[in-house]
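> Chains as they are written, first to last, in the numbering used here: chain R, 56 to 335; chain P, 421 to 747.
(1) Residue 560 of chain P touches chain R at which residues, Cβ-Cβ below 9 Å?
(2) Go ahead and pull the three-state DSSP assignment for residue 563 of chain P.
(3) Using beta carbons (cut-off 8 Å, strictly below), is residue 736 of chain P in contact with chain R?
(4) What's the gap between the Cα of residue 582 of chain P and the Cα of residue 594 of chain P?
(5) Return yes when the Cβ of residue 180 of chain R is within less than 8 Å of the Cβ of residue 591 of chain P, no when it is not.
(6) Are the Cβ atoms of residue 710 of chain P and residue 474 of chain P separated by less than 8 Å?
(7) Pick from R/112, R/138, R/113 and R/121: whose alpha carbon is nearest that of residue 277 of chain R?
(8) What's the gap between the Cα of residue 195 of chain R and the Cα of residue 131 of chain R?
(9) Residue 553 of chain P and residue 686 of chain P: beta carbons closer than 8 Å?
(10) What number of angstroms, rounded off, separates the C-alpha of residue 722 of chain P from the C-alpha of residue 185 of chain R?
(11) Would you say residue 727 of chain P faces chain R, with C-beta separation under 8 Å as the test?
(12) Please check if any C-beta of chain R sits within less than 8 Å of the C-beta of residue 522 of chain P.
(13) So, is the C-beta of residue 719 of chain P closer than 8 Å to a C-beta in chain R?
(14) With 8 Å as the threshold, decide whether the Cβ of residue 301 of chain R is near any Cβ in chain P.
(15) Can you find at least 3 beta carbon pairs, one from the segment 107 to 124 of chain R and one from the segment 170 to 179 of chain R, that sit closer than 8 Å?
(16) On the DSSP letters alone, give me the boundaries of the alpha helix (DSSP H) that residue 90 of chain R sits inside.
(17) With distance defined between alpha-carbon atoms, name the residue in P/708, P/546, P/610 and P/570 nearest to residue 655 of chain P.
(18) For the segment 683 to 700 of chain P, list every residue whose C-beta sits within 7 Å of some C-beta in chain R, in sequence order.
(19) Would residue 498 of chain P pass as a contact of residue 666 of chain P if the rule is Cβ separation under 8 Å?
(20) Going along chain R, which residues have a C-beta under 7 Å from residue 650 of chain P?
(21) Expressed to the nearest angstrom, what Euclidean distance is found between the alpha-carbon atoms of residue 514 of chain P and residue 86 of chain R?
(22) How about the segment 312 to 331 of chain R and the segment 554 to 564 of chain P: do they share at least three Cβ pairs that are nearer than 8 Å?
(23) Could you name the residues of the same chain whose beta carbon sits closer than 6 Å to that of residue 668 of chain P, not counting the 5 residues immediately before and after it, in chain order?
(24) For residue 499 of chain P, write down the residues that DSSP places opposite it in a beta bridge.
(25) Which residues of the segment 193 to 208 of chain R have a Cβ closer than 8 Å to any Cβ of chain P? Give them in chain order.
(26) Please confirm whether residue 270 of chain R and residue 91 of chain R have their CB atoms less than 8 Å apart.
(27) With a threshold of 16 other CB atoms inside 10 Å of the CB of residue 68 of chain R, please say whether the residue is buried or exposed.
(28) Is residue 492 of chain P helix, strand or coil by DSSP?
(29) Considering residue 109 of chain R, what are the terminal residues of the alpha helix (DSSP H) in which it resides?
(30) Use the C-beta contact count for residue 164 of chain R: other C-beta atoms within 10 angstroms, 16 or more gives buried, fewer gives exposed.
(31) Examine the Cβ distances between the segment 91 to 101 of chain R and the segment 298 to 308 of chain R and report whether three or more of them are shorter than 8 Å.
(32) Return the CA-CA distance between residue 148 of chain R and residue 732 of chain P, expressed in angstroms with no decimal places.
(33) For residue 308 of chain R and residue 140 of chain R, what's the separation of their Cα atoms in angstroms?
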């Protein structure tokens with residue numbers, strides 16, 4: 056142990072073990088992506104994107120309504136979480152030296168750790184119980200709670216990175232502070248905030264648990280916010296636990312579409328920050 | 421998803437933020453004041469949301485709370501028809517699968533964190549770190565799908581037959597072990613990325629000191645980095661535990677959904693999140709719904725406590741002296 060050779064050996068073994076662990080972690084990622092490719096691509100067809108689900112036994116059918124449903128749900132979620140998250144983030148960054156801001160930061164961090172199923176139950180007690188029906192609105196509300204912490208904290212971080220000299224320049228021109236924050240500070244931070252929003256959207260789009268008893272599911276077209284609506288994750292779940300081979304094939308294809316959407320959002324988001332990182 | 425805890429250093433911000441209202445531009449006009457109040461109102465919504473969740477869940481579970489009291493936690497009978505509800509099998513399944521997942525995930529994620537923070541060059545760190553974080557981006561239901569059609573058959577046919585002599589139970593693929601493996605995969609990015617950030621926050625001078633004394637890279641990690649990062653690493657593990665406890669879809673799909681307590685990791689089990697997901701829409705009686713709500717409330721309170729603790733531990737490291745801007 057104390058000899059130089061012994062220490063050197065331990066060093067090499069430990070370092071190799073760390074590298075090995077990294078490779079072990081990449082195996083499941085590769086495994087999931089490989090099976091998605093293998094089982095998903097063969098199931099892909101144009102009809103999946105244009106047709107409604109068909110009853111069991113009839114060949115064909117698709118999940119067009121689920122794709123549109125996911126987009127609608129995320130749009131509803133954004134309409135709540137974007138203004139709240141961004142403005143809350145602005146508050147934390149610009150006026151956040153006090154106790155109240157600490158409480159907000161704490162709540163946002165803790166909220167991000169609340170299980171998504173609990174968020175679903177919360178949305179159920181607020182919307183479904185009072186409206187006496189499952190609705191896209193309830194589902195969108197649940198997703199907005201999931202997006203909120205990410206948006207708030209990234210907005211705060213990014214706004215803090217904006218140099219004070221920009222604020223001072225704005226004020227020196229006689230622009231009121233609120234105008235400086237909106238037109239100068241927020242604008243400068245916009246690419247980074249967009250990253251945060253995209254990551255939040257990617258996460259929300261893949262959530263299943265909060266939708267199970269809020270948006271429910273729907274085998275037909277629906278654009279109505281107060282009716283149940285289909286979504287890709289719930290559709291994948293329904294198909295995956297069904298006993299029918301044809302539905303299993305569609306589940307894999309739907310999962311491939313969902314993962315492609317989520318990964319593209321993630322990679323785009325990283326690209327934006329990567330460029331910004333280069334400038335700093 | 422990336423967790424934003426730890427990117428915080430209150431003292432520094434407080435110093436700068438006090439500048440705004442005082443030195444640079446006092447709130448001279450109405451617009452400024454309105455703007456501050458408006459943004460504060462949005463910020464308050466976040467606190468209100470959390471409070472509303474606690475209140476709503478307590479209200480929704482009132483019936484079950486008053487009927488069963490403490491017995492709810494230790495009862496093993498779950499029968500909606502006879503309106504008899506005890507949550508112990510689900511609590512057991514949740515804890516057992518999460519702890520098992522931690523046993524699998526913690527060594528691997530710490531090794532990854534050490535590699536990414538201490539042993540690799542910047543380009544490797546960036547690209548491989550990104551790959552590990554992509555793992556966190558894959559939706560839970562997709563892991564569930566993979567678990568049902570790939571992992572469970574693999575466990576059933578190849579791996580579990582060899583384990584049955586040691587652990588008992590049956591080799592059917594849908595059991596605690598399957599749930600734990602899926603959970604381990606899902607919490608691995610959380611634990612590794614938070615501990616990597618924590619290690620990166622340890623001052624460079626400490627490492628230089630160790631290296632200057634002739635320590636190897638690994639000895640430097642062991643002597644100079646890990647002791648300072650310890651509380652933050654514990655925080656990262658607690659965060660991972662919080663995620664594992666609340667994870668729903670993937671677990672529901674592979675844990676076997678059988679509400680009986682069995683000590684074998686090869687027997688089907690049931691988790692708190694899974695029973696909520698499976699029964700909430702179909703709950704017939706009010707008591708049934710209240711019992712499910714009480715399970716949600718439990719899950720909510722436990723994850724809340726864990727996250728608060730993790731946040732505290734991770735921050736302690738972020739407050740280390742020197743190199744303030746690393747976290």
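For every residue, glycine included, the Cβ atom is placed at its ideal position computed from N, Cα and C. Here the structure is a predicted model, which is why all the values come from computation and not from measurement.
From the atom records:
(1) On the second chain, residue 560 of chain P is found 140 positions in, with the first residue counted as 1. Neighbours of residue 560 of chain P on chain R, chain order: 171, 261, 262, 263, 264 and 288.
(2) If you number the second chain from 1, residue 563 of chain P lands on position 143. Residue 563 of chain P: helix per DSSP, three-state reduction.
(3) Locating residue 736 of chain P in the second chain gives position 316, counting from the first residue. Residue 736 of chain P does not count as touching chain R.
(4) Indexing the second chain from 1 puts residue 582 of chain P at position 162. Indexing the second chain from 1 puts residue 594 of chain P at position 174. Cα-Cα distance, rounded: 16 Å.
(5) As a first step, residue 591 of chain P is located in the second chain; it is residue number 171 there, counting from the start. As a first step, residue 180 of chain R is located in the first chain; it is residue number 125 there, counting from the start. Not closer than 8 Å, so no.
(6) Position 290 of the second chain, counted from the start, is the residue given in the question as residue 710 of chain P. Position 54 of the second chain, counted from the start, is the residue given in the question as residue 474 of chain P. Not in contact: residue 710 of chain P and residue 474 of chain P (Cβ atoms no closer than 8 Å).
(7) On the first chain, position 222 is the one that residue 277 of chain R refers to. That would be R/121, whose Cα lies nearest to the Cα of residue 277 of chain R.
(8) Start at 1 with the first residue of the first chain, and residue 195 of chain R comes out as number 140. Start at 1 with the first residue of the first chain, and residue 131 of chain R comes out as number 76. When rounded, the distance between both Cα atoms is 5 Å.
(9) Here residue 553 of chain P refers to the residue found at position 133 of the second chain. Here residue 686 of chain P refers to the residue found at position 266 of the second chain. Contact flag unset, no.
(10) As a working mapping, residue 722 of chain P is identified with position 302 in the second chain. As a working mapping, residue 185 of chain R is identified with position 130 in the first chain. Between residue 722 of chain P and residue 185 of chain R, the C-alpha separation is close to 28 Å.
(11) Looking up residue 727 of chain P in the second chain gives position 307. At least one chain R Cβ lies under 8 Å of residue 727 of chain P.
(12) Position 102 of the second chain holds residue 522 of chain P. No, residue 522 of chain P does not count as interfacial toward chain R.
(13) Locating residue 719 of chain P in the second chain gives position 299, where the first residue counts as 1. True, the Cβ-Cβ gap to chain R drops below 8 Å.
(14) Within the first chain, residue 301 of chain R is the residue found at index 246, counting from 1. So no, residue 301 of chain R is outside the interface.
(15) no
(16) The residue you call residue 90 of chain R lines up with position 35 of the first chain. Looking at the DSSP string, the run of the alpha helix (DSSP H) that includes residue 90 of chain R is 59 to 90.
(17) Residue 655 of chain P sits at position 235 when you count from the first residue of the second chain. Among P/708, P/546, P/610 and P/570, the Cα nearest to that of residue 655 of chain P is on P/610.
(18) 693, 696, 697 and 700
(19) For the purposes of this step, residue 498 of chain P is identified with residue 78 of the second chain, where counting begins at 1. For the purposes of this step, residue 666 of chain P is identified with residue 246 of the second chain, where counting begins at 1. No, the pair does not count as a contact, with Cβ atoms beyond the cut-off.
(20) On the second chain, residue 650 of chain P is found 230 positions in, with the first residue counted as 1. By Cβ distance, chain R contributes nothing, its closest Cβ being about 18 Å from residue 650 of chain P, past 7 Å.
(21) Position 94 of the second chain holds residue 514 of chain P. Position 31 of the first chain holds residue 86 of chain R. Going from the Cα of residue 514 of chain P to the Cα of residue 86 of chain R covers about 25 Å.
(22) yes
(23) Sequence index remark: in the second chain, residue 668 of chain P carries index 248 (1-based). Contacts found: 693 and 697.
(24) By 1-based counting over the second chain, the position of residue 499 of chain P is 79. In DSSP, residue 499 of chain P forms a bridge with P/504.
(25) 200, 203, 204, 205, 207 and 208
(26) Here the question's residue 270 of chain R lines up with position 215 in the first chain. Here the question's residue 91 of chain R lines up with position 36 in the first chain. The answer is no: Cβ separation not under 8 Å.
(27) Mapped onto the first chain, residue 68 of chain R falls at position 13. Answer is exposed; the Cβ neighbour count stays below 16.
(28) Residue numbering aside, residue 492 of chain P sits at position 72 when the second chain is read from its first letter. Of the three classes helix, strand and coil, the one that applies to residue 492 of chain P here is helix, per DSSP.
(29) Translated into positions along the first chain, residue 109 of chain R becomes position 54. Taken as a continuous stretch (DSSP letters only), residue 109 of chain R belongs to no alpha helix (DSSP H), as it is neither H nor E.
(30) By 1-based counting over the first chain, the position of residue 164 of chain R is 109. With 16 or more Cβ atoms within 10 Å of its Cβ, residue 164 of chain R is classed as buried.
(31) yes
(32) In the first chain, the residue the question calls residue 148 of chain R occupies position 93. In the second chain, the residue the question calls residue 732 of chain P occupies position 312. Straight-line Cα distance between these residues: approximately 20 Å.
(33) Working through the first chain from its first residue, we reach residue 308 of chain R at position 253. Working through the first chain from its first residue, we reach residue 140 of chain R at position 85. In a straight line, the C-alpha of residue 308 of chain R is about 33 Å away from that of residue 140 of chain R.
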